[in-house]
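Heads up: the sequence shown begins at 306 in UniProt numbering, then just goes up one per residue.
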Amino acid sequence: ATMPPLLSAIANAGRHGVLVKSAVVMERLGQVDAVALDKTGTLTEGSPRVTDVRPLPGSGLGERELLTLAAAAERPSEHPLARAVVDAARERGLELPDAHDFTSAPGVGVTAVVGGRTVEVGAPARLADDAVAAVAELEESGRTAVLVVVDGTPAGLLGIADRLRPDAAATVASLARLTGTAPVLLTGDNPRAAAHLATEAGIDDVRAGLLPQDKLAAVREMESAGRKVLVVGDGVNDAPALAAAHTGIAMGRAGSDLALETADAVIVRDELAAVPATVALSRRARRLVV
Ligand code: ADP
Ligand code: MG
């Protein structure tokens with residue numbers, strides 16, 4: 306027997322490295338008319354690297370000590386920024402002490418007790434009100450500034466840089482063409498770093514500084530304006546938006562388990578260009594079904 310068009314499309318999507326979870330999803334993919342993309346790990350490679358380690362004057366910490374505390378606290382986290390911090394410590398041969406009482410807040414950062422000291426690592430604006438000039442300087446250059454707070458006092462900054470995926474700009478352009486609408490960027494990162502990256506990717510509509518529930522609200526707002534939104538994300542912070550969207554696709558290679566479970570489809574190979582390819586496959590299959 307010949308395979309029904311939607312099932313052949315699922316098989317074809319598989320060849321493009323996309324795992325589509327059902328025929329219903331395969332059909333819905335072709336209906337989307339708006340796209341919301343996450344930044345870190347989705348538009349970017351998600352393998353960010355620590356470029357700057359800056360203890361704050363008065364913290365009494367050296368660079369190695371600051372990085373050791375931050376990496377020890379970040380070790381249990383699966384966030385791409387956390388991996389960058391741990392890798393930077395390993396590359397410098399630093400011994401990481403055990404961390405206790407680890408907690409993480411999606412879109413904010415992590416907290417843990419390291420050697421009797423409470424260490425928080427995360428978004429500067431959410432951890433301390435006093436905007437440090439160094440934060441602005443790091444962010445202007447497209448870096449993500451991460452603040453390290455020790456026992457309630459800001460102790461230092463880490464500058465972290467991530468690269469745009471090579472197929473990001475082409476993917477944004479294809480999605481705009483396919484849906485007739487310019488894709489929007491939804492990110493938890495700071496507005497300056499987000500704007501820098503969005504320009505490179507060809508995105509004008511940027512919403513930055515979003516918590517997971519803000520990403521969800523942005524998608525709900527688009528949907529209640531009558532759009533069928535395709536959300537592409539990779540993080541725990543994207544899960545609510547992936548669940549609420551008309552269709553959700555997760556980046557699989559470095560994606561969090563929660564995102565992979567929540568999404569309707571998973572990009573198994575690490576190519577963003579598979580997203581428009583799969584939408585196009587769905588469109589073709591739907592023409593054969595009707
Ligand atoms: P995006 O939406 O671009 O994927 P996230 O919502 O995951 O970004 O993160 C938003 C911001 O929250 C980061 O830019 C960072 O400042 C902070 N953050 C979240 N998790 C961590 C972590 N584990 N370590 C350091 N900073 C973090
Ligand atoms: Mg992300």
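Where is the CB? At the ideal position from N, CA and C, for every residue including glycine.
- According to the DSSP assignment, residue 315 belongs to the alpha helix (DSSP H) that extends over 310–320.
- Residue range 438–445 is occupied by the alpha helix (DSSP H) that includes residue 439.
- DSSP, read as helix, strand or coil, puts residue 501 in helix.
- Residue 567 carries a helical assignment under DSSP once its states are collapsed to helix, strand and coil.
- With distances taken between CA atoms, residue 460 lies nearest to 372 out of 372, 326, 527 and 395.
- If you draw a 10 Å sphere on the C-beta of residue 579, you find 16 or more other C-beta atoms in it, and that means buried.
- Three or more Cβ pairs closer than 8 Å define a contact, and the segment 365–381 meets that threshold against the segment 392–411.
- When the beta-carbon positions are compared, residue 355 and residue 389 come within less than 8 Å of each other.
- By the criterion of at least three beta-carbon pairs nearer than 8 Å, the segment 450–468 is in contact with the segment 381–396.
- When distances are taken from the beta-carbon of residue 583 to the heavy atoms of the ligand ADP, even the shortest one reaches 7 Å or more.
- Taking the CA atoms as reference points, residue 347 sits about 12 Å from residue 506.
- Annotation for residue 383: no alpha helix (DSSP H) segment contains it, and DSSP assigns it neither H nor E.
- In this structure, the straight-line span from the alpha carbon of residue 485 to that of residue 338 is close to 7 Å.
- Just so you know, the alpha carbons of residue 442 and residue 363 end up roughly 20 Å apart.
- Inter-residue distance for residue 500 and residue 369 is about 31 Å (C-alpha atoms, whole angstroms).
- Residue list for the ligand MG: 343, 345, 346, 539 and 540 (CB closer than 5 Å to any heavy atom, chain order).
- Counting only the Cα atoms, residue 549 lies some 14 Å from residue 563.
- Between the segment 376–385 and the segment 407–418, the count of Cβ pairs shorter than 8 Å is three or higher; the stretches touch.
- Judged by DSSP secondary structure, residue 324 falls within the beta strand (DSSP E) whose first and last residues are 323–325.
- When only Cα atoms are considered, residue 483 and residue 581 end up about 7 Å apart.
- Look at residue 546: its beta carbon is at least 7 Å from all of the heavy atoms in the ligand ADP.
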